[in-house]
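A short write-up of the structure that comes next.
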Amino acid sequence: MNQEIVAEFETLLSEPKLRKVGERLDTNFIKKVELCHQVIRKARPFEGEMLKQVRDFFRISTTWSSNALEGNTLTISETKVLLEDGITVGGKSLREALEAYGHSHAYDYMFSLIDKKTIRESDIKELHRLFYSGISESKAGVYRTVRVVITGSSYPVCAPDKIGQEIKYLCDWIEKERNNYDPVTFAAELHRRFIFIHPFEDGNGRTARLLMNTALIQKGYLPCVISPYIRNDYIQALEGAHAEPEKFIRFIAEAELETEKDFIRALGLEMPDLKNI
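Here is the structure:
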């Protein structure tokens with residue numbers, strides 16, 4: 035993946051992709067994701083310098099998008115300069131830089147789990163610790179001891195004294211059920227279940243997306259990049275997932291499909307026919 039391809043992929047990801055909730059993929063959306071996945075799989079293996087560039091690109095794109103979904107104002111270009119060159123951006127807060135560095139460290143840990151084919155409680159805590167340690171060392175990787183309310187949500191999250199038990203149930207579910215779902219549905223459901231527990235005082239959304247992407251890469255899929263341009267759709271889909279989880283799964287499937295399609299275009303591969311599915 036040369037620099038021209040990287041630049042093209044950055045442009046594709048940075049373009050607004052505005053859609054209305056409910057106007058998403060049809061009932062065969064998983065088949066579309068799988069078709070694009072097969073095209074990318076045939077272009078593998080990514081080895082040596084190309085593998086490094088692919089991983090480095092997704093480090094930047096997922097760090098930018100995941101932080102932007104939470105209000106971080108760094109652009110994808112500013113995130114790249116910060117992570118690759120260590121150059122801070124004028125007019126941006128220290129907190130925003132720390133979020134970028136922290137997510138980058140957590141991303142590297144995520145990739146260390148690629149061959150383990152499982153996700154343990156210690157991994158959940160470590161992902162959060164790496165992301166949050168620059169912001170608050172005392173709260174990084176530590177479950178909250180206070181009740182929290184999610185702004186804009188009508189639903190409560192797990193009580194502090196139930197968090198440990200709920201995370202144990204989640205990890206048991208991962209072990210027992212991950213092979214009973216297609217990879218994208220499983221990753222979306224993992225995200226949904228984790229965010230409803232909301233085990234940490236802050237950083238739950240970014241940890242949820244890191245966990246989702248851990249599940250995806252462990253099955254050979256690309257990390258899912260959720261564009262901040264569809265932030266409102268994402269929030270609505272997640273809020274609606276309490277009553278209709280399938281809508282959130284469709285949302286994540288489309289985000290993964292868009293990531294795959296952008297990657298196929300950037301590599302100059304032939305796009306599969308998705309119209310008749």
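According to my numbering, the sequence shown is numbered sequentially starting from 35.
Idealized CB from N, CA, C, for every residue including glycine.
To the nearest angstrom, how far is the alpha carbon of residue i from that of residue j?
{"i": "Leu314", "j": "Glu118", "result": "Absent from the structure is residue 314, since the part of the chain shown begins at 35 and ends at 311."}
{"i": "Cys192", "j": "Lys202", "result": "13 angstroms"}
{"i": "Glu273", "j": "Ser187", "result": "7 angstroms"}
{"i": "Asp307", "j": "Val182", "result": "46 angstroms"}
{"i": "Lys76", "j": "Leu128", "result": "42 angstroms"}
{"i": "Asp60", "j": "Glu292", "result": "For Asp60, the predicted structure reports a pLDDT of 46, less than 50, and the residue's modelled location is therefore unreliable. The matter cannot be settled from this model."}
{"i": "Arg299", "j": "Cys70", "result": "11 angstroms"}
{"i": "Lys65", "j": "Ala287", "result": "10 angstroms"}
{"i": "Lys309", "j": "Ser261", "result": "23 angstroms"}
{"i": "Ile158", "j": "Leu164", "result": "10 angstroms"}
{"i": "Thr96", "j": "Ser146", "result": "16 angstroms"}
{"i": "Gly125", "j": "Glu235", "result": "27 angstroms"}
{"i": "Leu184", "j": "Leu85", "result": "Checking the displayed sequence, the identity of residue 184 turns out to be Ile instead of Leu. Their backbone Cα atoms lie some 38 angstroms apart in a straight line."}
{"i": "Val123", "j": "Leu116", "result": "7 angstroms"}
{"i": "Asn247", "j": "Ser172", "result": "26 angstroms"}
{"i": "Glu304", "j": "Glu68", "result": "15 angstroms"}
Does residue i come out as helix, strand or coil in the three-state DSSP assignment?
{"i": "Gly82", "result": "helix"}
{"i": "Cys70", "result": "helix"}
{"i": "Arg89", "result": "helix"}
{"i": "Gly124", "result": "coil"}
{"i": "Thr113", "result": "helix"}
{"i": "Ser170", "result": "coil"}
{"i": "Gly136", "result": "helix"}
{"i": "Tyr203", "result": "helix"}
{"i": "Val182", "result": "coil"}
{"i": "Glu104", "result": "coil"}
{"i": "Asp195", "result": "helix"}
{"i": "Lys309", "result": "coil"}
Report yes or no: is there a C-beta of chain C within less than 8 angstroms of the C-beta of residue i?
{"i": "Arg163", "result": "The structure shown contains no chain C; it is built from a single protein chain."}
Inset, instruction - Taking 8 angstroms as the threshold, find out whether the segment 209-220 comes into contact with the segment 108-122 through three or more Cβ pairs. - result: no
Inset, instruction - Tell me the start and end of each unbroken beta strand (DSSP E) in the segment 233-294 that is at least 3 residues and wholly inside, in chain order. - result: none
Inset, instruction - Scan the segment 138-167 and note each continuous beta strand (DSSP E) run of 3 residues or more that stays entirely inside, going in chain order. - result: none
Inset, instruction - Determine, using beta-carbon pairs with one atom in the segment 239-252 and one in the segment 74-88, whether at least three such pairs fall under 8 angstroms. - result: no
Legend entry - Three-pair Cβ contact test at 8 angstroms for the segment 81-97 versus the segment 220-230: no
Inset, instruction - Mind the definition here: the segment 251-266 touches the segment 168-178 only if three or more C-beta pairs lie below 8 angstroms; say whether that holds. - result: no
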